[in-house]
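Colleague: Pasting a structure below so you can have a look.
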């Protein structure tokens with residue numbers, strides 16, 4: 028899974044909100060924590076999930092294994108709700 | 193107390209529509225809304241909403257694509273950073289109209305069909321429009337905008353729910369909204385013709401559950417149960433004046449799209465007051481905000497901050513008082529009235545098509 032290059036699905040918009048961000052989706056909005064916001068900012072269809080996890084390790088104090096697990100969980104959850112394309 | 197701020201703005205641009213769906217939630221006295229806000233007034237409303245913290249602007253009606261300035265309004269909302277959603281029956285969405293809307297930054301379009309088959313769909317819409325909708329779905333699907341297919345369900349089409357799901361699959365729909373009719377406006381007027389039976393509702397719910405399991409990850413199915421068949425009310429609008437406001441075609445600001453039916457409240461207009469004043473200080477928004485207004489059984493109920501007393505419009509329409517517990521609640525003294533309406537419904541009652549200049553409704 029970590030080689031997939033995610034991007035936001037059609038009609039999904041990321042909007043900055045103070046330190047964090049809000050994911051605006053059809054008929055709803057999800058408040059993101061700062062790690063999820065950073066991960067989604069990087070989801071532009073060119074970076075792999077691995078790239079995104081590595082970027083999070085550099086930016087936040089988080090272990091590589093943990094970052095990979097978080098990224099995988101976040102994107103598979105959003106993909107199931109049709110909010111990102113993998 | 194932490195003052196709520198609105199997240200969603202519903203812009204009802206016009207109540208004009210080329211269809212006559214009997215389940216429309218628009219008010220039955222449509223001719224009172226002909227004096228529509230102009231482009232500059234709507235742009236000002238959108239800017240005011242953005243300053244108030246609104247995140248989403250929904251453009252609806254009537255049929256909002258009848259307004260030639262729709263792309264301009266979508267562009268104004270997008271520029272302000274608002275998420276933009278168009279709610280349409282789609283009959284005017286040709287390539288030119290769609291390109292203009294997508295270029296304006298439109299994020300999401302909800303296109304409605306009336307039934308999965310042309311004969312029934314056209315009979316409900318009161319116009320020959322069903323077959324053209326598939327070209328619309330393809331056009332929207334091929335552009336950079338999210339698409340939800342919507343079908344309002346009621347006695348006349350609930351038994352076709354499986355065909356609606358099949359149709360959605362065939363057209364590659366990723367988000368399907370199967371919305372049991374809510375009984376406001378025209379739908380309330382037509383309640384005895386449109387109310388489904390308990391059997392219909394149970395069969396439909398089972399079909400939706402099976403389809404959800406089968407289509408997981410491929411199609412999201414939003415399915416809302418009808419209030420008349422539930423034991424507890426829904427948190428209508430997330431609570432009165434908590435996250436949502438509607439602006440009607442002629443500028444009145446309502447806490448709920450059906451609230452104009454409540455004749456005991458005085459609503460304010462964006463032509464006279466700012467959205468901020470109306471949201472924070474108007475009598476209409478304060479009337480049922482929070483829990484202070486609640487009578488029993490809501491007042492001492494542990495669900496009071498889950499459902500906020502349910503729907504004020506339903507309390508007014510069914511129980512005759514907007515300030516009592518939603519009669520959808522089994523604890524309401526008026527709960528029996530919901531049952532009475534259910535039992536008075538009949539397949540022999542014809543529905544009345546939505547139209548402007550209709551005679552006034554007779555209260556049950």
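Protein chains in written order, with the numbering used here: chain A, 28 to 113; chain S, 193 to 556. Cβ coordinates follow ideal geometry from the N, Cα and C atoms, glycine included. Bear in mind the structure is a predicted one, so any value in this text is a computation, not a measurement.
Just checking: is the beta-carbon of residue 108 (chain A) within a distance shorter than 8 Å of some beta-carbon in chain S?
Modeller: On the first chain, residue 108 (chain A) is found 81 positions in, with the first residue counted as 1. Residue 108 (chain A) counts as touching chain S.
Colleague: What in chain S is Cβ-close to residue 49 (chain A), meaning under 7 Å?
Modeller: The residue labelled residue 49 (chain A) in the question sits at position 22 within the first chain. Chain S residues near residue 49 (chain A): 247.
Colleague: Using 8 Å as the limit for Cβ to Cβ distance, is residue 36 (chain A) near chain S?
Modeller: Residue mapping note: residue 36 (chain A) aligns to position 9 of the first chain, counting from 1. It does: the Cβ of residue 36 (chain A) has a partner Cβ on chain S nearer than 8 Å.
Colleague: Just the chain A side, please: which residues come within less than 7 Å of residue 331 (chain S) by C-beta, in chain order?
Modeller: If you number the second chain from 1, residue 331 (chain S) lands on position 139. Near residue 331 (chain S) there are no residues of chain A at all, since even the closest Cβ is about 14 Å away, more than 7 Å.
Colleague: Only counting runs of 3 or more residues, tell me where the beta strand (DSSP E) segments fall wholly within the segment 300 to 356 of chain S, in order along the chain.
Modeller: Those beta strand (DSSP E) runs which fall completely within the segment 300 to 356 of chain S and span 3+ residues are 300 to 305 and 338 to 345.
Colleague: What is the residue span of the beta strand (DSSP E) that residue 55 (chain A) lies within?
Modeller: Sequence index remark: in the first chain, residue 55 (chain A) carries index 28 (1-based). Residues 55 to 59.
Colleague: So, helix, strand or coil for residue 450 (chain S), using DSSP?
Modeller: For this step, residue 450 (chain S) is matched to residue 258 along the second chain. Coil at residue 450 (chain S), not helix or strand.
Colleague: Taking 8 Å as the CB-CB limit, is residue 431 (chain S) close to chain A?
Modeller: To locate residue 431 (chain S), count along the second chain from 1; it is residue 239. Closer than 8 Å: no.
Colleague: Would the beta-carbon of residue 440 (chain S) fall within 8 Å of that of residue 452 (chain S)?
Modeller: The residue given as residue 440 (chain S) occupies position 248 in the second chain. The residue given as residue 452 (chain S) occupies position 260 in the second chain. Cβ atoms of residue 440 (chain S) and residue 452 (chain S): closer than 8 Å.
Colleague: Can you find a CB in chain A that lies within less than 8 Å of the CB of residue 336 (chain S)?
Modeller: Start at 1 with the first residue of the second chain, and residue 336 (chain S) comes out as number 144. Answer yes: the Cβ-Cβ gap between residue 336 (chain S) and chain A drops below 8 Å somewhere.
Colleague: Determine, for residue 242 (chain S), whether the minimum Cβ-Cβ distance to residues of chain A falls below 8 Å.
Modeller: Working through the second chain from its first residue, we reach residue 242 (chain S) at position 50. No, residue 242 (chain S) does not count as interfacial toward chain A.
Colleague: Would you say residue 42 (chain A) lies against chain S (beta-carbon separation less than 8 Å)?
Modeller: The residue given as residue 42 (chain A) occupies position 15 in the first chain. Interface residue, yes.
Colleague: Would you report the Cα separation of residue 63 (chain A) and residue 69 (chain A), rounded to the nearest angstrom?
Modeller: Along the first chain, one-based indexing puts residue 63 (chain A) at 36. Along the first chain, one-based indexing puts residue 69 (chain A) at 42. Approximately 10 Å, taken between the alpha carbons.
Colleague: Within the 8 Å Cβ cut-off, does residue 63 (chain A) reach chain S?
Modeller: Stepping through the first chain from its first residue, residue 63 (chain A) is reached at position 36. No - not a single Cβ of chain S is within 8 Å of the one on residue 63 (chain A).
Colleague: So who's on the other strand from residue 49 (chain A), going by DSSP bridges?
Modeller: Reading the first chain from its first residue, position 22 is the one you call residue 49 (chain A). Bridge partners of residue 49 (chain A): A:42 and A:58.
Colleague: Cα separation between residue 233 (chain S) and residue 364 (chain S)?
Modeller: Residue 233 (chain S) sits at position 41 when you count from the first residue of the second chain. Residue 364 (chain S) sits at position 172 when you count from the first residue of the second chain. Looking at the two C-alpha atoms, the distance is approximately 38 Å.
Colleague: Closer than 9 Å, Cβ to any Cβ of chain A: which residues of the segment 408 to 440 of chain S, in chain order?
Modeller: Answer in chain order: 408, 409, 410, 411, 412 and 414.
Colleague: Return the residues of the segment 259 to 277 of chain S that lie within a Cβ-Cβ distance of less than 8 Å from chain A, sorted by chain order.
Modeller: Answer set for the segment 259 to 277 of chain S: 273, 275 and 277.
Colleague: How many Å lie between residue 496 (chain S) and residue 525 (chain S) at the Cα?
Modeller: By one-based count along the second chain, residue 496 (chain S) stands at place 304. By one-based count along the second chain, residue 525 (chain S) stands at place 333. Answer to the nearest angstrom: the Cα atoms are 16 Å apart.
Colleague: Measure how close the beta-carbons of residue 198 (chain S) and residue 429 (chain S) come, nearest whole angstrom, since I'm counting them as under 8 Å.
Modeller: Taking the first residue of the second chain as position 1, residue 198 (chain S) is located at position 6. Taking the first residue of the second chain as position 1, residue 429 (chain S) is located at position 237. Not really, about 10 Å apart at Cβ, beyond 8 Å.
Colleague: From residue 334 (chain S) to residue 397 (chain S), what does the alpha carbon distance come to, in whole angstroms?
Modeller: The residue you call residue 334 (chain S) lines up with position 142 of the second chain. The residue you call residue 397 (chain S) lines up with position 205 of the second chain. When rounded, the distance between both Cα atoms is 31 Å.
Colleague: Just the Cα atoms here: how many angstroms apart are residue 554 (chain S) and residue 382 (chain S)?
Modeller: The sequence position of residue 554 (chain S) within the second chain is 362, counting from 1. The sequence position of residue 382 (chain S) within the second chain is 190, counting from 1. Any reading at residue 554 (chain S) needs caution, since the residue's pLDDT is 48, under 50, leaving its predicted position unreliable; the model's value is listed next. In a straight line, the C-alpha of residue 554 (chain S) is about 11 Å away from that of residue 382 (chain S).
Colleague: Leaving out the 5 sequence neighbours to the left and right, which residues in its chain are closer than 7 Å to residue 283 (chain S) when beta-carbon positions are compared?
Modeller: What you label residue 283 (chain S) is simply residue 91 of the second chain in a count that begins at 1. Closer than 7 Å at Cβ, skipping near neighbours: 210, 321 and 324.
Colleague: I want to verify the contact list: residues of chain A whose CB lies under 8 Å from the CB of residue 367 (chain S), in sequence order.
Modeller: Your numbering for residue 367 (chain S) matches position 175 in the second chain. 53 and 109, listed in chain order.
Colleague: To which residues of the same chain is residue 332 (chain S) closer than 6 Å at the C-beta, ignoring the five residues directly before and after it?
Modeller: Taking the second chain and counting its residues from 1, the one referred to as residue 332 (chain S) is at position 140. Same-chain partners within the cutoff: 301 and 339.
Colleague: Is there a Cβ of chain A sitting closer than 8 Å to that of residue 556 (chain S), yes or no?
Modeller: Stepping through the second chain from its first residue, residue 556 (chain S) is reached at position 364. In this prediction, residue 556 (chain S) scores a pLDDT of 38, lower than 50, which makes its location untrustworthy; no coordinate-derived value is stated.
Colleague: Pop quiz: residue 346 (chain S) and residue 215 (chain S) are said to be a contact at Cβ under 8 Å. What is the actual Cβ separation, rounded to whole angstroms?
Modeller: In the second chain, counting from the first residue as 1, residue 346 (chain S) sits at position 154. In the second chain, counting from the first residue as 1, residue 215 (chain S) sits at position 23. The Cβ separation is near 6 Å, so the contact holds.
Colleague: What residue does the alpha helix (DSSP H) around residue 200 (chain S) start on, and which one ends it?
Modeller: Your numbering for residue 200 (chain S) matches position 8 in the second chain. No alpha helix (DSSP H) holds residue 200 (chain S); the beta strand (DSSP E) holding it covers 200 to 204.
Colleague: What does residue 56 (chain A) reach in chain S if we use C-beta pairs closer than 8 Å?
Modeller: For the purposes of this step, residue 56 (chain A) is identified with residue 29 of the first chain, where counting begins at 1. Those are 199, 247, 248 and 275, listed as they occur along chain S.
Colleague: At a CB-CB cut-off below 8 Å, which residues of chain A make contact with residue 340 (chain S)?
Modeller: Reading the second chain from its first residue, position 148 is the one you call residue 340 (chain S). By Cβ distance, chain A contributes 53 and 54.
Colleague: Exposed or buried, which one is residue 253 (chain S) when buried takes at least 16 other CB atoms within 10 Å?
Modeller: As a working mapping, residue 253 (chain S) is identified with position 61 in the second chain. Looking at its Cβ environment, which holds 16 or more other Cβ atoms inside 10 Å, residue 253 (chain S) is buried.
Colleague: Excluding sequence positions up to five away, which residues of its chain have a Cβ less than 7 Å from the Cβ of residue 499 (chain S)?
Modeller: Position 307 of the second chain, counted from the start, is the residue given in the question as residue 499 (chain S). For residue 499 (chain S), where only same-chain residues beyond five positions count, the Cβ hits under 7 Å are 424, 425, 426 and 427.
Colleague: Between the C-alpha atoms of residue 369 (chain S) and residue 217 (chain S), what's the straight-line distance to the nearest angstrom?
Modeller: Translated into the one-based positions of the second chain, residue 369 (chain S) becomes position 177. Translated into the one-based positions of the second chain, residue 217 (chain S) becomes position 25. Approximately 16 Å, taken between the alpha carbons.
Colleague: Within 10 Å of its beta-carbon, does residue 193 (chain S) have 16 or more other beta-carbons around it, so buried, or fewer, so exposed?
Modeller: Translated into the one-based positions of the second chain, residue 193 (chain S) becomes position 1. Confidence is the limiting factor: at residue 193 (chain S) the pLDDT is only 46, short of 50, which leaves the residue's position unreliable, though a coordinate-based value still follows. Exposed: under 16 other Cβ atoms inside 10 Å.
Colleague: Quick check for students: name the residue ranges of the alpha helix (DSSP H) that lie wholly in the segment 374 to 454 of chain S, counting only runs of 4 or more.
Modeller: For the segment 374 to 454 of chain S, whole alpha helix (DSSP H) runs of length 4 or above, ordered along the chain, are 377 to 381, 383 to 386 and 390 to 406.
Colleague: Rounding to the nearest angstrom, what Cα-Cα distance links residue 200 (chain S) and residue 238 (chain S) in this structure?
Modeller: Here residue 200 (chain S) refers to the residue found at position 8 of the second chain. Here residue 238 (chain S) refers to the residue found at position 46 of the second chain. Straight-line Cα distance between these residues: approximately 11 Å.
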